[in-house]
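In full-length UniProt numbering, the protein residues as written are 1 to 412. The beta-carbon is built from N, C-alpha and C at its ideal position, and this holds for glycine as well. See below for the structure under consideration.
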């Protein structure tokens with residue numbers, strides 16, 4: 001049971017990590033005013049702070065007044081954040097991204113984002129450009145497990161790669177195999193020979209495409225499923241045209257009605273036993289379990305207010321959050337009296353706050369994905385978190401019907 005919980009938390013952290021990277025990748029700066037700072041665990045505090053202070057000093061030489069102001073503003077935010085956390089860098093390191101993300105020319109909207117890497121960060125880097133430098137993090141977020149899917153009959157074949165919760169079509173083919181009829185004026189024997197030759201060439205074409213698409217990922221390929229109607233899939237395997245390394249990865253065959261992209265979806269749906277350890281099947285199962293509790297047992301809740309209330313009362317066993325839940329937790333601090341507040345807003349919504357204690361304008365210290373905040377709340381009460389995509393039919397329903405936030409409860 002413990003192992004299962006660790007895997008599910010890991011799924012949630014990986015999904016949140018990739019969501020953050022997608023968001024950061026979408027920002028483009030006007031000129032070189034977006035700053036990326038990578039700090040590995042154990043980095044000397046004085047070296048980082050000295051570099052930032054030096055960069056702020058050198059930024060006064062930037063000719064464009066708007067760029068100069070934005071770079072200096074971003075550096076100030078980064079320095080303030082590191083002071084606020086007392087340079088307490090997580091074990092995997094810390095990546096900080098800050099800069100003006102406003103799409104309106106001449107308008108300043110300096111935002112700061114932090115990312116804790118999911119693997120140990122080895123790179124120490126300061127980078128200023130028109131986009132955030134995500135290269136040291138992107139490799140960490142790539143799927144470590146890939147499954148190959150082939151759906152086929154004698155007329156059509158589709159090859160797909162299942163990576164995490166998404167599948168990617170990497171090949172589509174139509175055959176030149178004629179039906180079992182006699183061509184006019186041609187002997188049945190010669191016609192059958194030509195038909196068998198066309199069939200073999202079609203199988204060979206499929207195998208070559210499979211080898212080309214899957215062999216480069218051989219260390220990550222966890223299994224391959226061959227699907228389709230009738231016996232064509234078995235005949236294809238009997239020809240032994242696949243690379244020997246791929247043959248060793250075949251999990252089994254599945255009967256489907258279709259051989260196009262719908263056939264790929266059908267294969268995933270009908271391969272729950274073969275794919276039971278994959279993210280996509282785990283997602284389908286947890287959403288179906290949630291819906292069962294909503295309808296039958298009452299051991300589920302949904303809606304933002306109801307779910308947070310259940311979390312705070314310690315009722316939640318599993319917290320379900322749609323990756324489409326695009327809200328931001330804004331952390332403010334008063335520069336005069338030190339009073340702190342957290343405000344939840346829609347993504348990219350600008351907010352200004354005056355201190356409730358002294359009336360001064362508060363400073364926005366940090367922004368955090370709302371999902372991350374809810375995950376932290378779940379961890380405090382020992383609840384698991386599952387981030388639900390909209391790549392599956394179940395995930396789409398969870399977003400559209402239940403608003404993308406809900407929970408399976410320990411008790412009513």
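Nearest-angstrom Cβ-Cβ length linking residue i and residue j, presumed shorter than 8 Å
i	j	result
residue 131	residue 23	That pair is no contact at about 13 Å.
residue 303	residue 405	7 Å
residue 99	residue 70	7 Å
residue 290	residue 241	About 43 Å separates the two Cβ atoms, so there is no contact after all.
residue 279	residue 164	5 Å
Per-residue DSSP class, three states only, for residue i
i	result
residue 3	In this prediction, residue 3 has a pLDDT of 33, which is less than 50 and means its spatial position is unreliable; what the coordinates show is noted afterwards. Three-state DSSP puts residue 3 in a helix.
residue 62	coil
residue 203	helix
residue 381	coil
residue 257	coil
residue 8	In this predicted model, residue 8 has a pLDDT of only 39, less than 50, meaning its place in the structure is not dependable; the value taken from the coordinates is given anyway. If DSSP states are grouped into helix, strand and coil, residue 8 belongs with the helices.
residue 386	strand
residue 271	coil
residue 301	strand
residue 224	strand
residue 411	coil
residue 141	helix
residue 325	coil
residue 68	helix
residue 438	Since the displayed the chain opens at 1 and closes at 412, residue 438 lies outside it and no answer follows.
residue 282	helix
residue 108	coil
residue 149	strand
residue 406	strand
residue 133	coil
residue 194	helix
residue 348	coil
residue 174	strand
residue 121	coil
residue 18	helix
residue 88	coil
residue 100	strand
residue 155	coil
residue 398	helix
residue 218	coil
residue 293	helix
residue 210	helix
Residue closest to residue i, alpha-carbon to alpha-carbon, out of the options
i	options	result
residue 122	315, 156, 102 and 95	95
residue 409	43, 301 and 308	301
residue 299	320, 14 and 412	412
residue 65	315, 106, 26 and 52	106
residue 377	318, 360, 274 and 367	318
residue 210	152, 285 and 400	152
residue 322	284, 67, 82 and 313	284
residue 251	324, 198 and 149	149
residue 351	169, 367, 336 and 59	367
residue 274	249, 287 and 49	249
residue 198	155, 325 and 108	155
residue 34	171, 102, 306 and 84	102
residue 157	201, 278 and 269	201
residue 239	401, 204, 297 and 134	204
residue 128	293, 31 and 17	31
residue 380	364, 315 and 349	315
residue 222	245, 235, 295 and 335	245
residue 361	343, 336 and 385	336
residue 306	72, 402, 196 and 135	402
residue 43	215, 16, 73 and 82	82
residue 78	133, 169, 53 and 347	53
residue 109	46, 384, 375 and 349	349
residue 346	325, 120, 272 and 276	325
residue 312	270, 407 and 166	407
Residues sharing a beta bridge with residue i, DSSP
i	result
residue 332	341 and 364
residue 115	95
residue 375	Residue 375 pairs with nothing; no bridge assigned.
residue 452	The requested residue 452 is not part of the displayed model; the chain covers only 1 to 412.
residue 26	Bridge partners of residue 26: none, in fact.
residue 160	149 and 169
residue 50	The partner list for residue 50 (beta bridge, DSSP) is empty, contrary to what the question assumes.
residue 369	328
residue 126	37
residue 319	385 and 407
residue 354	361
* Taking contact to mean at least 3 C-beta pairs separated by less than 8 Å, is the segment 367-381 in contact with the segment 253-271? -> no
* Kindly confirm or deny that the segment 162-179 and the segment 103-122 touch, where touching means at least three C-beta pairs closer than 8 Å. => no
* Any contact of the segment 354-361 with the segment 380-391, i.e. 3+ C-beta pairs under 8 Å? -> no
* Asked: Pairing CB atoms from the segment 133-145 with CB atoms from the segment 394-402, are three or more of them under 8 Å?
  -> no
* Asked: Is it a yes or a no for the segment 25-45 touching the segment 84-95, going by three-plus beta-carbon pairs under 8 Å?
  -> yes
* Counting pairs of beta carbons, one from the segment 247-260 and one from the segment 219-235, are three or more of them closer than 8 Å? -> yes
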